[in-house]
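So the sequence lines, in the order shown, correspond to chains A and B. According to my numbering, the first sequence holds residues 3 to 715 in order. According to my numbering, the second sequence holds residues 3 to 715 in order.
Protein chains: 2
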Amino acid sequence: MNKFKHLFEPRSIAVVGVSLDAARPGSQAVHALLKNSYEGKIYPVNPKYAEFEGMKCFASIEAINEPIDLVVIGVPAQGVLPALEMCADKKVPYAVVLSGGFRESGAEGIEREKRMLAIARGAGIRIIGPNCLGFANIHSNVYAAFGSITRAPKLKPGNVSLVTQSGGFGYSIALACADAGIGFRHVIATGNETDVDTVELIDALIDDEETSCIVAYIEGARDGRALLDAGRRALAAGKPILLWKGGVTEQGARAAETHTASLTGVYDFYLALFKQTGIIEIQELHEAVDFLKALAPGKYPAGRGTAVMGVSGGSAIVFADAGDRVGIRMCELAEDTQVRLAKVVPNIGAVHNPIDLTAGYFSAANAEKLAEAMHAVLDDAGVHAVCVNLATTGKAGSLAAAEVLGRIASATHKPIVVFSSAPASEIGDALSHFAQVGIPVLPSPSRAARAIAMLATYAEARVRIATQDRPPIHTEAVAVAAELTQIAATNSSLSETQSKAILARSGVSVSKDIVVQGVDGSVFDRMTAPLVVKIVSRDIPHKTEIGGVKVGIQTQQELESAIAEVLANARRHAPHAKIDGVLVSEMVRGGFELIVGVVNDEVFGPVVVVGAGGIYTEILDDTSCRIAPFGEDVAREMLDELKCRRILDGVRGGPALDVGAVVKSLAAISAFAWIHRDAVQEVDINPIFVMPKGAIAVDALIIPRKAQSQLDR
Amino acid sequence: MNKFKHLFEPRSIAVVGVSLDAARPGSQAVHALLKNSYEGKIYPVNPKYAEFEGMKCFASIEAINEPIDLVVIGVPAQGVLPALEMCADKKVPYAVVLSGGFRESGAEGIEREKRMLAIARGAGIRIIGPNCLGFANIHSNVYAAFGSITRAPKLKPGNVSLVTQSGGFGYSIALACADAGIGFRHVIATGNETDVDTVELIDALIDDEETSCIVAYIEGARDGRALLDAGRRALAAGKPILLWKGGVTEQGARAAETHTASLTGVYDFYLALFKQTGIIEIQELHEAVDFLKALAPGKYPAGRGTAVMGVSGGSAIVFADAGDRVGIRMCELAEDTQVRLAKVVPNIGAVHNPIDLTAGYFSAANAEKLAEAMHAVLDDAGVHAVCVNLATTGKAGSLAAAEVLGRIASATHKPIVVFSSAPASEIGDALSHFAQVGIPVLPSPSRAARAIAMLATYAEARVRIATQDRPPIHTEAVAVAAELTQIAATNSSLSETQSKAILARSGVSVSKDIVVQGVDGSVFDRMTAPLVVKIVSRDIPHKTEIGGVKVGIQTQQELESAIAEVLANARRHAPHAKIDGVLVSEMVRGGFELIVGVVNDEVFGPVVVVGAGGIYTEILDDTSCRIAPFGEDVAREMLDELKCRRILDGVRGGPALDVGAVVKSLAAISAFAWIHRDAVQEVDINPIFVMPKGAIAVDALIIPRKAQSQLDR
């Protein structure tokens with residue numbers, strides 16, 4: 003890891019705010035460094051002391067006449083900025099500010115945090131914190147931290163790095179993992195994230211050779227796009243990211259606001275990001291534990307076919323139930339596999355999947371048989387992963403199984419996971435052996451099933467995202483940029499007609515419509531019946547109610563009277579309304595209505611949302627979204643997620659609808675939204691009709707960014 | 003517990019099948035009895051030995067000249083029936099058959115199991131098993147068991163009883179609970195359940211004074227109604243049942259079939275049963291652990307308002323997220339509460355919910371303050387439960403908190419739960435103290451939230467089910483019984499017209515229709531336009547396609563030509579069809595279509611299902627069911643579960659629909675289905691229109707049981 007190298011591997015650390023009070027953050031940091039035999043230089047700073055813990059104590063940062071890689075600041079809030087200014091003078095590259103009293107504590111703190119950032123930016127100091135527990139580099143015994151991170155039990159070294167906005171809860175994740183034998187590289191609590199944030203750290207950790215897996219707890223990301231990029235980069239690098247997003251529900255978001263006053267962001271957009279990056283979402287402490295265990299061997303199933311073998315029929319059923327819910331398939335075993343199994347499985351057992359080895363099978367006496375059973379199953383091309391249920395198997399049996407499975411695991415690329423519910427106090431030796439040979443042991447069959455599903459999903463994401471289309475960029479879409487900017491600059495919004503014209507040029511099929519000012523003899527030359535006419539006036543919101551809409555117009559005569567009628571109705575019911583004309587459109591019928599929107603989100607930039615339209619919008623919570631831009635394969639994924647998806651294939655004998663056309667439109671809209679992200683705040687297409695042939699946007703509105711901000715005022 | 007008293011508290015146990023091979027089930031049972039100092043008499047049985055483990059060994063059951071309460075049989079399958087016959091001769095009341103080789107092992111075993119049941123029924127012997135791990139009474143050191151139940155670690159005595167069809171997996175539940183400090187009363191693995199089954203045991207355990215909570219793992223119940231009754235009885239008795247149903251997914255059910263060849267039953271019906279009994283569903287080992295811990299104190303929240311206080315903002319957010327998903331509300335604290343809190347919470351903390359006590363708050367020095375903070379929160383009427391987040395708080399802090407909370411918990415009826423993620427090795431003293439004072443400690447904030455939700459749901463079920471209406475019994479519904487039986491006896495099925503007439507008399511509003519044979523001048527005297535006419539013929543399945551249906555008929559003249567036309571069309575397109583006449587119905591328009599069905603299930607008896615009709619049926623998986631009979635409040639719950647529910651309140655400015663009318667119909671249908679459970683196999687109402695006023699069943703078919711069984715042949 004080049005970036006942040008001397009933050010995480012500092013050759014020297016100054017700690018500002020040591021004290022005889024051992025509970026003070028600065029004192030805790032120095033004690034942790036000493037206790038863990040940090041090998042670099044330590045410079046305690048406090049003008050009150052000449053010595054601290056047998057080391058020379060400095061009056062200030064200035065007083066240290068050596069280069070300092072990292073300054074840890076643990077003084078009360080009002081002392082932080084002066085200390086940082088001295089860091090600036092001394093060209094210290096990194097600081098960790100443990101102190102609270104910033105953004106989280108009201109107006110004065112907000113101001114102090116702003117000034118802190120200004121100092122940092124001015125001097126090029128990169129800061130972790132403030133209001134944080136700090137970090138530890140477990141491999142190098144660097145403890146720029148206080149609180150639980152510095153306390154017993156010490157984390158053991160390993161290849162998992164943890165980044166967390168919440169120190170207290172993040173460290174709960176670390177402790178739960180440590181309890182299960184998982185070792186760590188870096189543990190970093192970022193607090194207010196004034197400068198360096200979780201996302202930047204995740205990105206840097208991808209380049210850390212000693213980190214193979216990253217776990218993060220975040221409440222809100224400042225820059226969703228940076229997280230998107232980091233996620234994709236981690237996926238390409240084969241370093242899984244487990245991410246726990248806090249504040250995902252309304253109630254959770256409210257709690258988060260009061261916690262760090264940070265924007266939690268829209269959860270749906272995070273979910274889209276997870277799908278677009280292969281980031282693995284976690285929402286439980288034991289999920290972190292289970293998933294890290296399962297990821298540790300670095301073996302991924304090539305598919306979702308799983309064989310289950312063991313001594314507990316109930317456990318196999320529980321695995322099957324849980325597997326069914328997460329797409330893990332109890333695959334059928336090949337004829338040949340079953341023949342091989344029959345030779346080593348007792349008659350009263352079962353050689354189909356789940357394989358019943360019968361009670362008491364796991365034993366030293368059965369070692370050869372178990373080995374052959376495992377080989378038979380692993381040789382089966384339909385088997386992509388194996389779960390071995392030891393269930394309550396005791397000490398000797400578990401150890402015998404561990405030895406056999408260990409030998410076999412080293413020679414296969416297929417993941418093997420074990421379920422055991424025997425107490426660790428009984429089967430400690432077996433557990434150590436399993437750990438040594440890299441076979442994850444999960445404490446329930448359902449958790450084993452979910453861990454395998456996670457591995458499969460991650461492996462699928464790697465393939466899928468690597469091969470995904472880049473979105474098509476319409477030259478015309480690029481060409482409308484100037485037009486959009488101009489409109490945005492002069493108008494508060496675009497009209498429907500303008501919006502549709504722009505979308506049409508960007509690759510979205512739109513229904514034909516024209517605005518006329520009165521009787522127009524040429525309409526039927528350009529449009530096909532039936533037609534719809536609609537009064538155009540910003541001052542008339544409910545056009546149908548005042549007789550401002552007429553549908554099903556077949557002839558020139560009907561058209562003329564319809565135009566006259568809507569104009570007359572508008573004048574009668576809204577005498578003061580400014581009438582811009584009459585919109586004449588081709589009537590679209592017989593398809594299924596979807597709605598498509600673009601939201602230019604503060605955190606994620608343009609996000610495209612598609613959902614069921616019409617009455618379904620109100621009764622189904624049926625939407626899917628992705629961060630723009632994306633290609634047709636991602637657009638297809640979005641549609642596939644909709645509950646109403648099957649309607650598009652034709653229901654009640656109706657024709658199949660043109661899914662391909664909507665897919666093209668979605669990809670085009672995503673490209674449009676991305677290209678014009680500086681000009682467009684929102685796009686609302688409601689509805690787009692999916693027809694047996696084609697997909698036609700009927701109503702559409704583009705809201706420019708400028709107009710949006712005017713509206714907000 | 004009077005029933006099964008001498009099964010579970012036997013004064014003497016004979017064990018048939020002891021052997022010098024310690025691994026034999028009989029040997030394991032005797033060893034377990036000896037090791038655990040069982041106080042009754044033990045009679046080992048094996049004709050080969052004169053002595054076994056220093057005790058006299060008997061040649062057979064017959065040879066024992068003392069009364070025997072319980073015989074444990076562990077001989078190979080072919081020896082089981084002879085042994086049971088001797089039990090019959092000796093009038094032994096109870097036997098546990100550990101041996102396999104019965105239903106699970108093919109034709110011979112099935113026959114053996116049948117004969118076993120015949121012996122048992124003939125002699126009045128009640129049997130646990132065969133093919134089971136047996137049971138243990140932990141309080142009285144009775145071990146009529148082998149395998150993991152008899153092995154270390156020994157379960158400690160407590161008030162939880164476990165009944166499980168799968169010995170292996172069931173014991174995994176016991177071990178997971180034991181590991182968390184939970185003690186047991188009875189642990190019973192029932193295997194094939196030839197005679198005594200899980201449900202009968204659950205029912206008996208309700209009457210066991212030493213059992214306060216029952217955990218069960220079942221793959222399939224023979225008698226769903228018995229489980230319904232037991233569940234309701236347990237609820238009334240205040241003894242929560244945690245039930246893990248295995249084989250709930252398609253894949254799980256397939257695995258279960260191959261396991262015990264037992265019917266898994268329809269999962270939706272189990273879910274309905276859980277709602278109708280307050281049985282708490284579990285689907286994870288740690289759920290059993292968490293929920294048993296939370297239930298142990300016997301304290302239930304009076305509502306869903308929860309206060310969270312602690313030292314980790316992240317943990318509070320995670321609690322809020324998880325709580326949001328299970329309906330646990332972070333309640334607003336009263337003004338007064340906040341004022342009291344402000345006096346004992348540091349300034350940089352927060353006195354609103356979640357309450358931020360600030361890092362390091364838990365300490366002996368803060369004991370008084372913490373006590374006052376807890377009192378303030380518990381005194382708040384809006385707070386029904388409290389979660390205290392210790393998070394990573396260490397040894398001293400955790401112990402200090404345990405002492406304060408322990409004192410307070412003893413004086414409140416509001417549940418207090420604690421989240422701690424510090425390792426047990428560090429905070430063992432605090433954990434012991436919490437256990438002693440009855441405060442559950444959960445290992446994650448989300449699990450704490452779900453445990454509180456479970457307590458709230460259980461408490462709500464107690465109130466709700468106790469006050470639920472009994473279903474209305476229509477006298478007319480009873481009167482149709484003879485008619486139904488007669489029709490079932492003579493016809494293979496009822497016609498739509500007959501079905502609707504019967505439902506109408508049972509309290510369901512149906513659309514008016516009559517069958518005419520030709521032009522009928524009196525139709526408009528009895529019916530209101532618009533009308534629909536439809537050809538009636540079992541030989542014409544697709545009536546619309548052949549012009550056999552005409553809608554929107556307003557006048558007598560239109561009616562006459564419509565009737566003539568459908569008859570002519572039928573004759574032309576299906577010249578050989580038997581025409582029964584023409585159905586004339588009032589056309590129902592403008593409401594929302596639901597479908598209602600009754601299934602007379604083999605396990606559960608009549609179950610009523612309601613779902614979204616029309617196109618929604620195909621795209622939404624939107625149904626809700628309850629076991630019949632039930633009253634209007636349960637019917638309303640069913641509707642409230644539907645995704646399409648909000649349509650009934652009126653969408654897009656439409657009128658609200660008559661929910662009350664559907665509710666009445668559902669309750670009436672449930673009563674009908676229950677009363678006629680011996681005559682009716684199925685009822686299909688598709689659709690029932692929910693109108694602004696009323697609900698009208700338009701198409702309905704009753705399928706008698708006899709007709710059903712004829713169809714099956």
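Where a beta carbon is used, it is the ideal one built from N, C-alpha and C, also for glycine. It should be emphasised that the depicted structure is a prediction, and the values quoted were computed from it without experimental measurement.
query                                                                                                                                                   : result
With 16 as the cutoff for other CB atoms within 10 Å, does residue 210/A come out buried or exposed?                                                    : buried
When the Cα of residue 534/B is compared with those of 127/B, 22/B and 563/B, which residue comes out closest?                                          : 563/B
Give the straight-line distance between the Cα atoms of residue 263/B and residue 112/B, rounded to the nearest whole angstrom.                         : Since pLDDT at residue 263/B reaches only 46, below the 50 mark, its modelled position is unreliable, and no value is offered.
Residues of the region 634-648 of chain A with a CB closer than 9 Å to any CB of chain B: list them in chain order, please.                             : 645, 646, 647 and 648
Beta-carbon of residue 153/B versus every beta-carbon of chain A: anything under 8 Å?                                                                   : yes
Looking at the secondary structure, which residues open and close the alpha helix (DSSP H) in which residue 689/A lies?                                 : It is not in any alpha helix (DSSP H) - residue 689/A instead sits in the beta strand (DSSP E) that spans 682-692.
Just verifying my parser: in three-state terms, what is the DSSP assignment at residue 448/B?                                                           : helix
Hey, which unbroken runs of the alpha helix (DSSP H) at 4 residues or more fall wholly within the region 56-104 of chain A?                             : 82-91
By a C-beta neighbour count over all protein chains shown, 10 Å radius and 16 as the cutoff for buried, is residue 195/A buried or exposed?             : buried
Going by the DSSP bridge assignment, what does residue 628/B pair with across the sheet?                                                                : 610/B
Could you check which residue in 281/A, 316/A and 706/A has the C-alpha nearest to that of residue 492/A?                                               : 706/A
If you measure from the CB of residue 83/B, is any heavy atom of the ligand SAH nearer than 7 Å?                                                        : In the structure shown, the ligand SAH is absent, as is every other ligand, since no ligand is present at all.
Can you name the start and end residues of the alpha helix (DSSP H) that residue 37/B belongs to?                                                       : 27-37
With distances taken between CB atoms, is the gap from residue 245/A to residue 284/A smaller than 8 Å?                                                 : yes
Between which two residues does the alpha helix (DSSP H) harbouring residue 123/A extend?                                                               : 109-125
Which chain B residues sit within Cβ distance under 8 Å of residue 578/A?                                                                               : The contacting residues do not exist; residue 578/A stays about 26 Å from chain B at best.
Would you mind telling me which residues of chain A sit closer than 7 Å to residue 159/B, beta carbon to beta carbon, in chain order?                   : Near residue 159/B there are no residues of chain A at all, since even the closest Cβ is about 18 Å away, more than 7 Å.
Do residue 198/B and residue 127/B have their C-beta atoms within less than 8 Å of each other?                                                          : no
Could you tell me whether the region 591-598 of chain A touches the region 680-691 of chain A, where touching means 3 or more Cβ pairs closer than 8 Å? : yes
Are three or more beta carbon pairs between the region 169-183 of chain A and the region 280-294 of chain A nearer than 8 Å?                            : yes
Using a Cβ-Cβ distance cut-off of 8 Å, determine whether residue 288/B contacts chain A.                                                                : yes
Assuming residue 182/B and residue 200/B make a contact with CB atoms under 8 Å, what is their CB distance in whole Å?                                  : Not really, about 23 Å apart at Cβ, beyond 8 Å.
Taking the DSSP output, what are the residues bridged to residue 246/A?                                                                                 : 219/A
Which residues in chain A have a C-beta closer than 8 Å to the C-beta of residue 326/B? List them in chain order.                                       : 251, 252, 253 and 254
Taking DSSP's pairing of strands, which residues face residue 333/B in a bridge?                                                                        : In DSSP, residue 333/B forms no bridge with anything.
Please look up how many angstroms separate the CB atoms of residue 320/A and residue 447/A, rounded, as I've assumed it's under 8 Å.                    : 4 Å
Hey, could you find the ends of the alpha helix (DSSP H) residue 179/A is sitting in?                                                                   : 169-181
State yes or no: is the beta carbon of residue 717/B nearer than 8 Å to at least one beta carbon in chain A?                                            : No statement about residue 717/B is possible, as the shown extent of chain B runs from 3 to 715 and does not include it.
Can the beta-carbon of residue 394/A be found closer than 8 Å to that of residue 150/B?                                                                 : yes
The region 609-624 of chain B: which residues have C-beta closer than 8 Å to a C-beta of chain A, in chain order?                                       : 617, 620, 621 and 622
So that I know if they touch, is there some Cβ in chain B lying closer than 8 Å to that of residue 626/A?                                               : no
Can you tell which of 571/B, 173/B and 257/B has the C-alpha that lies nearest to the C-alpha of residue 291/B?                                         : 173/B
Is residue 263/A helix, strand or coil when you go by DSSP?                                                                                             : Summary for residue 263/A: the model assigns pLDDT 46, below 50, so the residue's position carries little reliability; its value from the coordinates is reported in the next sentence. Residue state, collapsed to three classes: coil.
Taking the alpha carbon of residue 159/A as the point to measure from, which residue in 170/A, 692/A and 188/A has its own alpha carbon closest?        : 188/A
Taking the alpha-carbon of residue 614/A as reference, which of 604/A, 644/A, 631/A and 593/A has the nearest alpha-carbon?                             : 644/A
For residue 31/B versus residue 206/B, is the C-beta distance shorter than 8 Å?                                                                         : no
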